[in-house]
Structures are given as structure tokens and as C-alpha cells.
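Chemist: The structure that follows is given in the form of C-alpha cells.
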Amino acid sequence: MTTNTDAPERPDGESDARDPNPGRGRFPAGSSGQYALYSARVENEAADSARELLATISDRIRNPLQVLLARADLMEDEETAGWIREQVRRINDAVKYLENVLPDLYSTAKKGPAPDEKTHRP
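Take 1082 as the starting number for the sequence shown in the working numbering and just add one per residue.
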């Protein structure tokens, strides 16, 4: 905030009645000016949050759409479409394999390491 240094002062230190800002850059407690500044700051922060949210949503929608559009363009070519179908089949096979293996790995990890015979002798 800026302070008003151009305002004339009386010899006793009090501000002159012509001083447009007798608080020297500070609004009196509870004043409408203080509330207006606070409100403007809150509105600005809300607008920044809204802009950030819209940018994130736009990015999250635009990127997959670009992939789909590129894939649709490739599917128009029969030779490329066959290659894409083969890649999709391989990806699906890998996903199915992982779906079968991961639960077993997870349950093994929860049990902890197998006990070592040398360490656990009675």
C-alpha cells in the first residue's frame, strides 16, 4: 500500500481536514475500503483457481481426444489398421496376463518373505 505524503499536516501533528486519506494509506478498522480490498483479493484468488481448474480439465480432455483423432486417421488406411489391430491384441493379452499375475504377487507380498531355515532353527 502507498501512503499519502502530499497531505498537509498541522503543527500539532494531526492531519489537515483537506487530507483525502487521513489514515496514511491504512483504512480504519471495519471500513468499507478494507472490506473492498479483502473482497477483491478473495475474488482474484477464486478466479485464479477457476482458471487453473479449467486449464487442467481442458488439458485432460484435449490430450485423449488428440490420440483418438490420430488413431481414427490411421484406421482409414487398411494396412495400418491391420497393424493397429495386432498391437491392440498384444496389449490386451499383456493386460490379461497381468490381471492374473498381480493378485498372486500382491498376496505373496502381504505374507512377507519366506522364512529362512537357517535363521529359524529351534
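C-beta atoms are modelled at their ideal positions from N, C-alpha and C, and glycine is treated no differently.
1. Going by the beta-carbon positions, is the gap between Ile-1165 and Leu-1155 smaller than 8 Å?
2. Please go through the segment 1137–1192 and give each complete alpha helix (DSSP H) segment of 4 or more residues, from N-terminal end onward.
3. From Ser-1113 to Tyr-1119, what distance separates their C-alpha atoms?
4. State the Cα-Cα distance for the pair Ala-1151 and Ala-1127, rounded to the nearest angstrom.
5. What is the DSSP secondary structure of Asn-1125, reduced to helix, strand or coil?
Modeler: Taking the definition as stated:
1. Indexing the sequence shown from 1 puts residue 1165 at position 84. Indexing the sequence shown from 1 puts residue 1155 at position 74. Contact flag set, yes.
2. 1159–1192
3. What you label residue 1113 is simply residue 32 of the sequence shown in a count that begins at 1. What you label residue 1119 is simply residue 38 of the sequence shown in a count that begins at 1. Distance between the alpha carbons of Ser-1113 and Tyr-1119 is about 10 Å.
4. In the sequence shown, the residue the question calls residue 1151 occupies position 70. In the sequence shown, the residue the question calls residue 1127 occupies position 46. The alpha-carbon atoms of Ala-1151 and Ala-1127 are separated by roughly 36 Å.
5. Translated into positions along the sequence shown, residue 1125 becomes position 44. Looking at Asn-1125 - three-state DSSP - the assignment turns out to be helix.
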